[in-house]
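Trainee: Read in numbering that gives the first Met the number 0, the sequence shown has 145 at position 146, and its numbers run on one by one without any break.
Where a beta carbon is used, it is the ideal one built from N, C-alpha and C, also for glycine.
All figures in this text were calculated on a predicted structure; none of them were measured in a lab.
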Amino acid sequence: MPSAEEDVILSVTGLRKSFGDLEAVRSLSLEIFRGEVFGFLGPNGAGKTTTIRLICGLLRADSGEIRIDGLDLRRNAGHCRRRIGLCPQDLVIWETLTCMEQLVFVGTQYDMSRQDARRRAAELLDTLGLAEKANRLAKTLSGGMKRRLNLALALVHDPDLLVLDEPQAGLDPQSRILVREYILSLAQQRTVLLTTHEMDEADRMASRIGIIDQGEILVLNTPDQLKDHHSGGEILELTVEPGADGRGSAGGWGPDVSQFLDGLPEGLSTLESLPGTIRLTGRALHERIPEVFESLRANDIEVQDVTLRKPTLEDVFVSLTGRGLRE
Numbered sequence: 000m001p002s003a004e005e006d007v008i009l010s011v012t013g014l015r016k017s018f019g020d021l022e023a024v025r026s027l028s029l030e031i032f033r034g035e036v037f038g039f040l041g042p043n044g045a046g047k048t049t050t051i052r053l054i055c056g057l058l059r060a061d062s063g064e065i066r067i068d069g070l071d072l073r074r075n076a077g078h079c080r081r082r083i084g085l086c087p088q089d090l091v092i093w094e095t096l097t098c099m100e101q102l103v104f105v106g107t108q109y110d111m112s113r114q115d116a117r118r119r120a121a122e123l124l125d126t127l128g129l130a131e132k133a134n135r136l137a138k139t140l141s142g143g144m145k146r147r148l149n150l151a152l153a154l155v156h157d158p159d160l161l162v163l164d165e166p167q168a169g170l171d172p173q174s175r176i177l178v179r180e181y182i183l184s185l186a187q188q189r190t191v192l193l194t195t196h197e198m199d200e201a202d203r204m205a206s207r208i209g210i211i212d213q214g215e216i217l218v219l220n221t222p223d224q225l226k227d228h229h230s231g232g233e234i235l236e237l238t239v240e241p242g243a244d245g246r247g248s249a250g251g252w253g254p255d256v257s258q259f260l261d262g263l264p265e266g267l268s269t270l271e272s273l274p275g276t277i278r279l280t281g282r283a284l285h286e287r288i289p290e291v292f293e294s295l296r297a298n299d300i301e302v303q304d305v306t307l308r309k310p311t312l313e314d315v316f317v318s319l320t321g322r323g324l325r326e
């Protein structure tokens, strides 16, 4: 990804924001490039929402700088906000207006003529499968249709930077595919900043991903590079016999499993495990399965099921934060 200044649509430097004693964003810095889908991931309370509100000019930072296409947000707030389209997770539609009416209304708030706003609204409604609902009140739409209308409202003024907070939440599978394909097509003309709890969707859509926790960016890279550099290689999941994990009483591993883990062959390590499941990771792990099973037998551990798989973004996330994305 080129890092020339003219290719940076969003630049954040040393961003800080506190609420009383809570430091929600801690000296956060990142650059997002023109024409990319940037995935912004983090557990609940990590600082994602605060960062997005700061970027969109809805909150004022304690310190740091935000630039939209080279312009300082603080000094050019009105102009910068017109370059941004925000689609929040919560619906911001007017239930008693038709789809067309509210899109035209929002367009005129961005100084579009009614004619241009109506033309743009018709394009969006058609693209998002809502053309037949153009003159229906929003309250008559299904949940998935309301989500798509929510997205259209963020796009009616043709922003350069589109900020999407959980855009696929509550969508049925067909609508999810439609919205995913549309988001990917948008990146050909603009930049998309995406937050989601759906790791597989982030993997499919994002060209780069930043993981935030406790107000700080932990890593920033492409999905493939994150999985390669932070997962340790392939993952072997071993379902052990009931009681072998010892969690029914002491809450930790039983002595047999503990001894097995303490004596893992060189180059193998453990990941955060679920009750009754040992998770190992290592390079070329498929070649070392016989070695692993020899150690299991030596420690009298009975294995009921075995799964060998490639790492996922969820694995990367847990290894970095110690918790799942929804926690």
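1) So, do the region 160-171 and the region 194-211 have three or more beta carbon pairs nearer to each other than 8 Å?
2) Is the beta carbon of Ile216 closer than 8 Å to that of Leu152?
3) Rounded to a whole number of angstroms, what is the C-alpha to C-alpha distance between Gly232 and Thr306?
4) What are the boundary residues of the alpha helix (DSSP H) that Glu313 is part of?
5) Three or more C-beta pairs closer than 8 Å, one from the region 57-72 and one from the region 211-225: is that the case here?
6) State the Cα-Cα distance for the pair Arg287 and Thr311, rounded to the nearest angstrom.
7) Taking Leu267 as the reference, give the member of Arg278, Thr48 and Ser257 with the closest Cα.
8) Once the 5 residues before and after Gln258 are set aside, which same chain residues still bring their CB inside 7 Å of it?
9) Provide the residue span of the beta strand (DSSP E) that contains Asn220, from first to last.
10) Between Ile211, His156, Arg146 and Pro158, which lies nearest to Arg179 when the distance is taken from Cα to Cα?
11) Mind listing, in chain order, the continuous alpha helix (DSSP H) runs of no fewer than 4 residues lying wholly within the region 256-303?
12) Relative to the alpha-carbon of Leu183, which residue among Pro172, Arg203 and Leu170 has its alpha-carbon at the smallest distance?
13) Taking Glu200 as part of the alpha helix (DSSP H), name the residues at either end of that continuous run.
14) What is the DSSP secondary structure of Leu160, reduced to helix, strand or coil?
Mentor: Working from what's here:
1) yes
2) One-based indexing of the sequence shown puts residue 152 at position 153. One-based indexing of the sequence shown puts residue 216 at position 217. Inclusion of Leu152 and Ile216 in the CB contact set at 8 Å is not warranted, their separation being larger than that value.
3) What you label residue 232 is simply residue 233 of the sequence shown in a count that begins at 1. What you label residue 306 is simply residue 307 of the sequence shown in a count that begins at 1. About 14 Å.
4) Along the sequence shown, one-based indexing puts residue 313 at 314. That run of the alpha helix (DSSP H) goes Leu312 to Thr320.
5) Fewer than three beta-carbon pairs drawn from the region 57-72 and the region 211-225 are found closer than 8 Å, and the two stretches are therefore not classed as touching.
6) As a position in the sequence shown, residue 287 is number 288, starting the count at 1. As a position in the sequence shown, residue 311 is number 312, starting the count at 1. Taking the straight line joining both Cα atoms gives about 20 Å.
7) As a first step, residue 267 must be located in the sequence shown, where it is residue number 268. If we check each option's Cα against that of Leu267, Arg278 comes out closest.
8) Position 259 of the sequence shown holds residue 258. Taking C-beta separations shorter than 7 Å and ignoring five residues to either side along the sequence, the partners of Gln258 in its chain run Asn298, following chain order.
9) The sequence position of residue 220 within the sequence shown is 221, counting from 1. Taken as a continuous stretch (DSSP letters only), the beta strand (DSSP E) holding Asn220 covers Glu215 to Asn220.
10) Position 180 of the sequence shown holds residue 179. The shortest Cα separation from Arg179 among Ile211, His156, Arg146 and Pro158 belongs to Arg146.
11) 288-297
12) For the purposes of this step, residue 183 is identified with residue 184 of the sequence shown, where counting begins at 1. The shortest C-alpha separation from Leu183 is found at Arg203.
13) Indexing the sequence shown from 1 puts residue 200 at position 201. Element bounds for Glu200: Met198 to Met204.
14) By one-based count along the sequence shown, residue 160 stands at place 161. Of the three classes helix, strand and coil, the one that applies to Leu160 here is strand, per DSSP.
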